[in-house]
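So in numbering that gives the first Met the number 0, spot 341 of the sequence shown is number 340, and the numbers just go up one at a time.
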Amino acid sequence: MYAVSQEFMDAMRAQRRQVLAKVVIDYTDPLIDQSIQVDASERARISWPEQTADGLTQAPYMWASLDGSWTLDQFRRPMPDTEELADLYQVGWWGEQIAGIGGAFAEPYPTLTVTHTPRPVHSLKVVGENQFSEYPVDFTIRLKDELGTILHEEIVTANTEIAWSKMLDAPVLDVASQELEIHKWSHEGRQAKILEFFSSVQQTHEDDLIAVSLLEEREVSQGSLPVGNISSNEIVVRLSNEDRRFDPDNDSSPLYGLIKPNRRVRAWLGAEINGEIEWVPLGTFWAIDWDTQDDTLEAQVRARDRLELLRKSTFQPGAVEQNASLYALAEAVLKDAGLKTDEYAIDESMQDIIIPWAWLPSATHRDALRIVAEAGLAVCYCGRDGKINVAKPAITEQQPQDIIYFIEGAPFPAEYTEIVGWFPIGPDDYFSPLRTPSRQEEVANEIVVATQPLKPAETAQEVYRSNTPIAIPAGETVTVTARYNQPPVIGAVASLDDPPADVSIVDAVYHAWGAEVTIENAGATEAEAWLAITGKLLSVQGGEQVIARDQQSITENGPLRYEFPANPLVQTLAQAQAIATGLLSSAKIARRDIELEWRGNPALELGDPISVMTDAQRDRRSDYVIIRQGIDWAGYLRARLTGRRIS
0 MYAVSQEFMD AMRAQRRQVL AKVVIDYTDP LIDQSIQVDA SERARISWPE QTADGLTQAP
60 YMWASLDGSW TLDQFRRPMP DTEELADLYQ VGWWGEQIAG IGGAFAEPYP TLTVTHTPRP
120 VHSLKVVGEN QFSEYPVDFT IRLKDELGTI LHEEIVTANT EIAWSKMLDA PVLDVASQEL
180 EIHKWSHEGR QAKILEFFSS VQQTHEDDLI AVSLLEEREV SQGSLPVGNI SSNEIVVRLS
240 NEDRRFDPDN DSSPLYGLIK PNRRVRAWLG AEINGEIEWV PLGTFWAIDW DTQDDTLEAQ
300 VRARDRLELL RKSTFQPGAV EQNASLYALA EAVLKDAGLK TDEYAIDESM QDIIIPWAWL
360 PSATHRDALR IVAEAGLAVC YCGRDGKINV AKPAITEQQP QDIIYFIEGA PFPAEYTEIV
420 GWFPIGPDDY FSPLRTPSRQ EEVANEIVVA TQPLKPAETA QEVYRSNTPI AIPAGETVTV
480 TARYNQPPVI GAVASLDDPP ADVSIVDAVY HAWGAEVTIE NAGATEAEAW LAITGKLLSV
540 QGGEQVIARD QQSITENGPL RYEFPANPLV QTLAQAQAIA TGLLSSAKIA RRDIELEWRG
600 NPALELGDPI SVMTDAQRDR RSDYVIIRQG IDWAGYLRAR LTGRRIS
């Protein structure tokens with residue numbers, strides 16, 4: 000459950016309540032918009048110009064600098080000198096030239112340029128260095144079109160603000176580049192330091208918000224066993240379009256040219272508590288389509304969470320690893336997709352599942368993650384915090400007393416005395432009759448899991464040969480991406496067949512699926528060469544089958560067989576046995592899930608335990624874990640809930 004105050008919980012349970020909503024949309028998202036490029040005319044030894052277009056305007060620490068401003072008795076942090084560290088700490092662009100007397104720079108002046116697809120610009124922004132209280136004093140901003148023609152020039156003198164900004168009298172259309180040229184700095188003897196320059200467009204929608212509809216789930220629609228499930232949560236936002244700002248042909252709109260896919264959408268529901276609004280996030284999403292309706296003067300955006308983005312990117316695995324854990328494989332996929340360590344959470348128990356020969360075929364990041372989750376009997380979903388979770392689902396035999404209900408970090412943890420550890424839902428909370436489908440199609444009492452143990456060939460053999468000779472121009476290098484005939488391969492070695500004297504392999508990177516080989520021609524004329532790669536094939540040898548049965552269920556329901564999908568990461572008998580046993584324990588009995596429509600509470604999240612009173616007269620309750628939620632707001636709140644029974 001999301002950390003909320005007791006007052007918030009009371010407000011949600013009150014007979015009369017007012018639920019508020021807001022949506023923030025980043026119409027220019029530099030993390031997604033690949034057209035945004037940042038270039039600097041100069042840069043210090045450690046400098047991250049691309050951070051000037053990431054929306055962050057504060058440096059976390061005073062960085063150590065040898066410009067004379069730092070004495071050894073002052074505490075300073077070393078600057079992040081790798082991309083991994085730069086993802087965690089904000090530095091921005093540091094120039095190289097040192098400001099002279101009065102802070103003046105000499106020509107050529109330090110210049111920062113941001114290029115992007117043509118778009119309207121409504122405001123300008125330049126942010127200096129907050130920790131050092133340094134800023135540009137005299138500077139010029141030029142807005143240019145695709146041909147380099149200056150559309151607008153802003154000359155600023157005698158600035159005294161660390162964060163300078165200005166709204167333009169009229170939007171400048173078709174801007175393809177924004178250029179910042181600094182003439183004078185606030186401190187002499189220092190270099191330029193800019194934390195933010197790109198003028199992004201972000202709007203908060205509250206008064207013009209018509210409706211919000213959220214669907215979140217951690218298991219796909221029913222009909223199969225919950226094995227390796229990956230589900231993208233989806234939100235639909237309806238906005239007022241009375242001012243026609245969402246019309247795609249309205250070139251005077253501040254959003255003209257910005258109504259595109261992959262815009263970041265964040266939503267909250269809240270309640271007023273003691274004069275202030277306490278907000279609960281619904282998640283972070285990215286737009287997949289927009290729609291404007293003339294008859295209703297409405298605009299609608301449909302967005303999905305980060306797992307949808309992983310469906311559109313490709314995972315290229317590295318070399319085969321020996322004795323790697325499923326945790327390490329899941330982390331490798333997520334990092335390859337560009338996620339930071341604080342943007343995902345992987346079940347710690349997956350560190351205990353070791354794969355003798357770990358490799359993944361080339362696939363989308365989402366499919367690669369599915370294969371890993373499947374091998375660990377885990378599910379994949381996005382939480383309200385935007386993190387991707389690779390987690391084990393709840394065990395069906397769990398009893399109520401085994402779960403401790405604690406809202407971590409809440410100032411006033413919500414407590415309920417009806418049943419300790421569970422969120423109670425009673426007849427006064429839900430609208431329609433309860434549905435408790437048995438899910439017979441998801442019952443299985445005979446689980447079959449096959450292993451795919453990999454073993455390397457005893458001798459190396461040719462796994463790749465170029466079909467035609469490779470032409471290498473004189474004095475140049477050519478990189479060839481070779482794909483093995485039958486991956487995976489270990490111990491690969493690339494060679495050239497009888498190459499000319501000046502042609503040789505200068506670099507080679509080997510993967511499980513292929514290799515990237517760089518060939519150099521040091522001669523004065525173009526040459527040709529044949530590329531061959533040898534290596535040891537890894538192939539499935541001695542596969543076994545594990546069958547787990549529940550005789551009582553077979554007697555009652557007849558044999559219901561389920562064959563676990565072939566998975567290259569299920570290589571040992573012990574792992575297959577654990578999968579079969581785990582699946583059987585949850586699938587041998589028909590699950591009496593619950594489906595209900597009720598008043599809703601945005602603080603409830605996927606995986607939270609609930610206790611539903613199904614018969615008030617006889618005081619009958621059943622306990623569930625939330626696996627699916629539909630939350631609808633249109634000035635009022637209503638929700639649909641599916642729970643997986645656990646007692």
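For every residue, glycine included, the Cβ atom is placed at its ideal position computed from N, Cα and C. A quick note: this is a predicted structure, and the numbers were derived from the prediction, not measured.
**Message:** For S503, tell me which candidate among H510, V488, T478, S239 has the shortest Cα-Cα distance.
**Reply:** Taking the sequence shown and counting its residues from 1, one reaches residue 503 at position 504. When only C-alpha atoms are compared, the closest one is T478.
**Asked** CB-CB under 6 angstroms to T416, same chain, minus the five flanking residues each way: which ones, in chain order?
**Response** As a working mapping, residue 416 is identified with position 417 in the sequence shown. Summary for T416: the model assigns pLDDT 36, below 50, so the residue's position carries little reliability; its value from the coordinates is reported in the next sentence. There are no such residues.
**Request:** Please specify which runs of the beta strand (DSSP E), each continuous and at least 3 residues long, are wholly inside the region 421–450, giving them in chain order.
**Result:** The region 421–450 contains these whole beta strand (DSSP E) runs: 422–424, 445–449.
**Prompt:** Using a Cβ-Cβ cut-off of 8 angstroms (strictly less than) and excluding sequence neighbours within five positions of V495, which residues of its own chain qualify?
**Reply:** Counting from one through the sequence shown, the residue named residue 495 turns up at place 496. Here residue 495 is Leu; the residue named in the question, Val, does not match the sequence. Excluding positions up to five away in sequence, the list reads V502, S503, I504, I518, A528, W529, L530, A531.
**Item:** Exposure label - M0; buried when at least 16 CB within 10 Å
**Value:** Counted from its first residue, the sequence shown places residue 0 at position 1. So M0 ends up on the buried side.
**Request:** Measure the alpha-carbon distance for T27 versus P260 and round it to whole angstroms.
**Result:** Taking the sequence shown and counting its residues from 1, one reaches residue 27 at position 28. Taking the sequence shown and counting its residues from 1, one reaches residue 260 at position 261. Straight-line Cα distance between these residues: approximately 11 angstroms.
**Message:** Do E95 and E128 have their beta-carbon atoms positioned less than 8 angstroms apart in this structure?
**Reply:** Numbered from its first residue, the sequence shown carries residue 128 at position 129. Numbered from its first residue, the sequence shown carries residue 95 at position 96. Contact flag unset, no.
**Request:** Express the C-alpha separation of T56 and A63 in angstroms, rounding to a whole number.
**Result:** Against the sequence shown, residue 63 aligns to sequence position 64. Against the sequence shown, residue 56 aligns to sequence position 57. Cα-Cα distance, rounded: 19 angstroms.
**Prompt:** How about V300 and W289: do their beta carbons lie closer than 8 angstroms?
**Reply:** As a working mapping, residue 300 is identified with position 301 in the sequence shown. As a working mapping, residue 289 is identified with position 290 in the sequence shown. In this structure, W289 lies closer than 8 angstroms to V300 by Cβ.
**Asked** For Y343, is the classification buried or exposed, using 16 other Cβ atoms within 10 angstroms of its Cβ as the cut-off for buried?
**Response** Reading the sequence shown from its first residue, position 344 is the one you call residue 343. Buried, because 16 or more other Cβ atoms sit within 10 Å of the Cβ of Y343.
**Asked** Ordered along the chain, which non-local residues of its own chain (more than five positions away) have a Cβ less than 8 angstroms from that of H510?
**Response** Walking along the sequence shown from the start, residue 510 turns up at place 511. Closer than 8 angstroms at the Cβ level, and outside the excluded window around H510, lie Q315, P316, G317, A318.
**Request:** Compare the beta carbon distance of L306 and L568 with 8 angstroms and say whether it is the shorter of the two.
**Result:** The sequence position of residue 306 within the sequence shown is 307, counting from 1. The sequence position of residue 568 within the sequence shown is 569, counting from 1. Contact annotation: L306 and L568 have beta-carbon atoms that are not nearer than 8 angstroms.
**Message:** Using a 10 Å radius around the Cβ and a threshold of 16 neighbouring Cβ atoms, would you call S164 buried or exposed?
**Reply:** Indexing the sequence shown from 1 puts residue 164 at position 165. Flag for S164 reads exposed.
**Distance between beta carbons of E596 and F430, contact taken as under 8 angstroms** = Working through the sequence shown from its first residue, we reach residue 430 at position 431. Working through the sequence shown from its first residue, we reach residue 596 at position 597. With a beta-carbon spacing of about 5 angstroms, F430 and E596 fall inside the 8 angstroms limit used to define contacts.
**Prompt:** Given that a residue counts as buried once 16 or more other Cβ atoms are within 10 Å of its Cβ, and exposed if not, what is Q400?
**Reply:** On the sequence shown, position 401 is the one that residue 400 refers to. The pLDDT assigned to Q400 is 32, lower than 50, so where the model puts this residue is not dependable, and the model offers no usable value.
**Asked** Can you pull the DSSP bridge partners for G282?
**Response** Taking the sequence shown and counting its residues from 1, the one referred to as residue 282 is at position 283. Partner(s): A266.
**Prompt:** For the candidate residues N520, P499, V539, A449, whose alpha-carbon lies nearest to that of V488?
**Reply:** Along the sequence shown, one-based indexing puts residue 488 at 489. Looking from the CA of V488, the closest CA among N520, P499, V539, A449 belongs to V539.
**Request:** May I ask you to report which of helix, strand or coil DSSP gives Q574?
**Result:** The residue you call residue 574 lines up with position 575 of the sequence shown. Three-state DSSP puts Q574 in a helix.
**Item:** Beta-carbon proximity list for K386, same chain, < 8 angstroms, skipping 5 on both sides
**Value:** The count along the sequence shown starts at 1 and reaches residue 386 at position 387. Take K386, set aside five residues on each side of it, and the residues of its chain with a beta-carbon closer than 8 angstroms to its own are D341, E342, Y343, A344, in chain order.
**Asked** Taking all protein chains shown into account, do 16 or more other C-beta atoms lie within 10 angstroms of the C-beta of F74, making it buried, or fewer, making it exposed?
**Response** Taking the first residue of the sequence shown as position 1, residue 74 is located at position 75. Classification for F74: exposed.
**Prompt:** So, do the region 433–453 and the region 579–587 have three or more beta carbon pairs nearer to each other than 8 angstroms?
**Reply:** Flag = yes, the region 433–453 and the region 579–587 touch.
**Asked** Among D618, I24, W93, which one has its Cα closest to the Cα of A58?
**Response** In the sequence shown, the residue the question calls residue 58 occupies position 59. Looking only at D618, I24, W93, the smallest Cα-Cα distance to A58 is reached by W93.
**Request:** Can you give me the Cβ contacts of Q36 inside the same chain, cut-off strictly under 8 angstroms, excluding the 5 residues immediately before and after it?
**Result:** Taking the sequence shown and counting its residues from 1, the one referred to as residue 36 is at position 37. The residues are V113, T114, H115.
**Request:** In the DSSP assignment, find the alpha helix (DSSP H) that holds R305 and state where it starts and stops.
**Result:** Along the sequence shown, one-based indexing puts residue 305 at 306. The continuous alpha helix (DSSP H) containing R305 extends over residues 305–309.
**Prompt:** Anyone know if the C-beta pair for A270 and Q17 falls short of 8 angstroms?
**Reply:** For this step, residue 270 is matched to residue 271 along the sequence shown. For this step, residue 17 is matched to residue 18 along the sequence shown. With contacts defined by Cβ atoms closer than 8 angstroms, A270 and Q17 form a contacting pair.
**Residue burial classification, M649 (beta-carbon count within 10 angstroms, cutoff 16)** = Because the chain in this structure spans residues 0 to 646, residue 649 falls outside the shown range and cannot be described.
**Item:** Residues of its chain near N273, where Cβ-Cβ distance is below 6 angstroms and the 5 sequence neighbours each way are ignored
**Value:** The sequence position of residue 273 within the sequence shown is 274, counting from 1. Excluding residues within five positions, none has a Cβ falling inside 6 angstroms.
**Asked** Could you check where the beta strand (DSSP E) with F695 kicks off and where it finishes?
**Response** Outside the displayed span of the chain (0 to 646) sits residue 695, for which this structure offers no information.
**Asked** Which residues in the same chain as S122 place their Cβ atom closer than 8 angstroms to its Cβ, once the five residues preceding and following it in sequence are excluded?
**Response** Within the sequence shown, residue 122 is the residue found at index 123, counting from 1. Non-local C-beta neighbours of S122 in its own chain, meaning closer than 8 angstroms and more than five positions away in sequence, comprise S164, K165, M166, L167, S198, ordered along the chain.
**Item:** Given D207 as reference, the closest of Q350, S68, R243 once Cα atoms are compared
**Value:** In the sequence shown, residue 207 corresponds to position 208, counting from 1. Cα-wise, what sits closest to D207 is R243.
**Message:** Cutting at 6 angstroms between CB atoms, please list the residues of its own chain near I546, excluding the five before and the five after it.
**Reply:** As a first step, residue 546 is located in the sequence shown; it is residue number 547 there, counting from the start. So the qualifying residues of the chain are V447.
**Collapsed DSSP secondary structure at D294 in the structure displayed** = By one-based count along the sequence shown, residue 294 stands at place 295. If DSSP states are grouped into helix, strand and coil, D294 belongs with coil.
**Message:** Looking at P601: is its Cβ nearer than 8 angstroms to the Cβ of V211?
**Reply:** Along the sequence shown, one-based indexing puts residue 601 at 602. Along the sequence shown, one-based indexing puts residue 211 at 212. In this structure, P601 keeps its C-beta atom at 8 angstroms or more from the C-beta atom of V211.
**Asked** G101 by DSSP, collapsed to three states: which one?
**Response** Taking the sequence shown and counting its residues from 1, one reaches residue 101 at position 102. Residue state, collapsed to three classes: helix.
**Asked** Which residue's Cα is closest to the Cα of A473: E440, N520, A103, A367?
**Response** By 1-based counting over the sequence shown, the position of residue 473 is 474. Nearest Cα to A473 within the set E440, N520, A103, A367: N520.
**Asked** What's the C-alpha gap between R619 and G425?
**Response** Residue 619 sits at position 620 when you count from the first residue of the sequence shown. Residue 425 sits at position 426 when you count from the first residue of the sequence shown. Across the structure, R619 and G425 are spaced so that their CA atoms are roughly 10 angstroms apart.
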